[in-house]
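Peer 1: Numbering (UniProt numbering), first residue to last: 1 to 259.
Provided herewith is a single structure, encoded as structure tokens, for subsequent inquiry.
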């Protein structure tokens, strides 16, 4: 039984990581077309850093991801605290509404946001489709993910810790800053990382809310598939995978040292 479970585990990991391994291998392949390995080279990485168009699209992607993640993390954290620590009318309905952006198909989300921007633009003449509308669109679904993650962390906390701080004379803001926030920080960081990753690789919502001059990397990759993906994209993907692994290792090392 254990042997079959081990074989199953290896097959699952191979299914998950073989595509990534193929991209990494192709990023060092001399051949521009096809998957046959003709020689080892770093030329595609050199061309990547000299390709102003790809770097521009990467910059747009990072701007959208960083700004939307920062805003959604702040708003999502405050919303989670309000849902857990306070009681108000329609609280249960609001809590269930948080799952709507999570379960609704991306196509429906993208079309609805596009129609909303069109209605608002017709009424007041603003905003036009740009990086700003992409950021607003990403914030609209990132808040739900951040709120759910932080709320799960808050549900595990002992409320008597906050009550003790208030009994000692701490104001609500001081209690949140010195007691609540440090305790829920792992959840806040997890929610922020989840929101950042969702924004970084989002295509459908971005496709419907992007305008001229606001092309992101996923949009560029989609448009370039018809002509064949450039090896520079393989190099960029390899760098992103490497940076992700490095961040995870540094985070694990930091957590281990802290413990």
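Just so you know, even glycine gets a beta-carbon here, dropped at the ideal spot from N, CA and C.
Beta-carbon separation of residue 184 and residue 157 under 8 Å?
Peer 2: Yes, the pair counts as a contact, with Cβ atoms nearer than the cut-off.
Peer 1: For residue 40, which residues does DSSP report across the bridge?
Peer 2: Bridge partners of residue 40: 29.
Peer 1: The alpha helix (DSSP H) that contains residue 68, what's its start and end?
Peer 2: Unbroken alpha helix (DSSP H) run through residue 68: 52 to 85.
Peer 1: Grab the span of the alpha helix (DSSP H) containing residue 141 for me, first residue to last.
Peer 2: Element bounds for residue 141: 131 to 155.
Peer 1: I'd like the span of the alpha helix (DSSP H) that includes residue 196, first residue to last.
Peer 2: 181 to 200 is the extent of the alpha helix (DSSP H) around residue 196.
Peer 1: CB-CB under 8 Å to residue 25, same chain, minus the five flanking residues each way: which ones, in chain order?
Peer 2: Same-chain partners within the cutoff: 37.
Peer 1: Can the beta-carbon of residue 134 be found less than 8 Å from the beta-carbon of residue 64?
Peer 2: For residue 134 and residue 64, yes; Cβs fall inside 8 Å.
Peer 1: Note down, in chain order, each residue of its chain lying with its Cβ closer than 8 Å to the Cβ of residue 266, except the 5 sequence neighbours on either side.
Peer 2: Outside the shown range of the chain (1 to 259) lies residue 266, about which nothing can therefore be said.
Peer 1: Determine the contact status of residue 228 and residue 146, defining contact as a CB-CB distance below 8 Å.
Peer 2: No, Cβ-Cβ distance for residue 228 and residue 146 is not below 8 Å.
Peer 1: Going by other Cβ atoms of all chains shown within 10 Å of its Cβ, with 16 needed for buried, is residue 110 buried or exposed?
Peer 2: With 16 or more Cβ atoms within 10 Å of its Cβ, residue 110 is classed as buried.
Peer 1: How should residue 92 be labelled, buried or exposed, when 16 other C-beta atoms within 10 angstroms of its C-beta is the threshold for buried?
Peer 2: Residue 92 should be labelled exposed.
Peer 1: Between which two residues does the alpha helix (DSSP H) containing residue 89 stretch?
Peer 2: Careful: residue 89 lies outside any alpha helix (DSSP H) and carries neither H nor E.
Peer 1: Assess contact between the region 212 to 220 and the region 195 to 204, defined as three or more Cβ pairs (one per stretch) separated by less than 8 Å. Is contact present?
Peer 2: With a cut-off of 8 Å, the region 195 to 204 and the region 212 to 220 count as touching, because enough Cβ pairs lie within range.
Peer 1: Excluding the 5 residues preceding and the 5 following residue 128 in the sequence, name in chain order all residues of the same chain whose CB lies nearer than 8 Å to its CB.
Peer 2: Within the same chain, residue 128 has close Cβ partners 121, 211.
Peer 1: Who are the Cβ neighbours of residue 45 in its own chain at under 6 Å, not counting the five residues just before and after it?
Peer 2: Same-chain partners within the cutoff: 235.
Peer 1: CB residue 54 to CB residue 48, shorter than 8 Å?
Peer 2: Their beta carbons are under 8 Å apart, which means residue 54 touches residue 48 by this criterion.
Peer 1: Which value, in whole angstroms, describes the spacing of the CA atoms of residue 98 and residue 74?
Peer 2: Each residue's alpha carbon lies about 16 Å from the other.
Peer 1: By Cβ distance, which residues of its chain are closer than 6 Å to residue 113, with the 5 residues on each side in sequence left out?
Peer 2: Answer for residue 113: 137, 209, listed in chain order.
Peer 1: Could you have a look at residue 214 and say whether DSSP puts it in helix, strand or coil?
Peer 2: Note: residue 214 maps to coil in three-state DSSP.
Peer 1: Applying the 10 Å Cβ sphere with the 16-neighbour rule, what's the burial state of residue 191?
Peer 2: Buried, because 16 or more other Cβ atoms sit within 10 Å of the Cβ of residue 191.
Peer 1: Straight-line CA distance for residue 67 to residue 52?
Peer 2: So the two alpha carbons sit approximately 22 Å from each other.
Peer 1: If I follow the unbroken alpha helix (DSSP H) through residue 124, where does it start and stop?
Peer 2: Note, residue 124: alpha helix (DSSP H), 106 to 124.
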